[in-house]
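Using this note's numbering, count along the sequence shown one by one with no gaps and you end on 140.
Idealized CB from N, CA, C, for every residue including glycine.
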Amino acid sequence: MPTPSMEDYIEQIYLLIEEKGYARVSDIAEALSVHPSSVTKMVQKLDKDEYLVYEKYRGLVLTAKGKKIGKRLVYRHELLEQMLKIIGVKDEHIYEDVEGIEHHLSWDAIDRIGDLVQYFEEDKSRIEALRIVQKNNEE
Ligand SMILES: [Mn+2]
Numbered sequence: 002m003p004t005p006s007m008e009d010y011i012e013q014i015y016l017l018i019e020e021k022g023y024a025r026v027s028d029i030a031e032a033l034s035v036h037p038s039s040v041t042k043m044v045q046k047l048d049k050d051e052y053l054v055y056e057k058y059r060g061l062v063l064t065a066k067g068k069k070i071g072k073r074l075v076y077r078h079e080l081l082e083q084m085l086k087i088i089g090v091k092d093e094h095i096y097e098d099v100e101g102i103e104h105h106l107s108w109d110a111i112d113r114i115g116d117l118v119q120y121f122e123e124d125k126s127r128i129e130a131l132r133i134v135q136k137n138n139e140e
């Protein structure tokens, strides 16, 4: 199992490859606000653990295992953003809150949150009903 830090890297590398077709050490460093030397170190570890293949001059490619996990990590991040939005968390808090919780939930909890998001999305009047509760609690 990847550590939280490894998960952040795999997630970001997956996103970069999806968006740009490649992931450079400098892009990863910028996206994660870390020093390029930290990226190089982590990329070597991820290579050793077979999440990716790192070739100094050709760049970096996710293995099937890396892609599979990367896809789930991006899904988890997006699902948690959706959930926080539905329950009415302010936009300016959503990204940081997701970064704070995403590594600490079981996949069971993620699947149940998936059910919850589906429950609200299937019938928007449920979201409106929640907003009424929230409005009453404010007063
Ligand atoms: Mn994330």
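Identity of the residues DSSP links to residue i by a beta bridge
| i | result |
| --- | --- |
| Y96 | Y96 is not bridged to any residue. |
| V62 | V54 |
Straight-line Cα distance separating residue j from residue i
| i | j | result |
| --- | --- | --- |
| D28 | P5 | 19 Å |
| G89 | R132 | 8 Å |
| Y76 | N137 | 33 Å |
| D48 | A130 | 48 Å |
| D109 | E103 | 13 Å |
| D9 | H36 | 14 Å |
| E79 | L33 | 17 Å |
| M43 | E139 | 45 Å |
| F121 | E12 | 26 Å |
Residue i beta carbon near ligand 1 (any heavy atom closer than 7 Å)
| i | result |
| --- | --- |
| H78 | yes |
| E31 | no |
| V35 | no |
| E20 | no |
| E97 | no |
| E140 | no |
| E122 | no |
| E103 | yes |
| E12 | yes |
| E129 | no |
Backbone secondary structure at residue i - three-state DSSP
| i | result |
| --- | --- |
| E140 | coil |
| L106 | coil |
| G89 | coil |
| D124 | coil |
| M2 | coil |
_Restricting to runs no shorter than 4 residues, where is the alpha helix (DSSP H) found entirely within the stretch 16-53?_
26-33, 37-49
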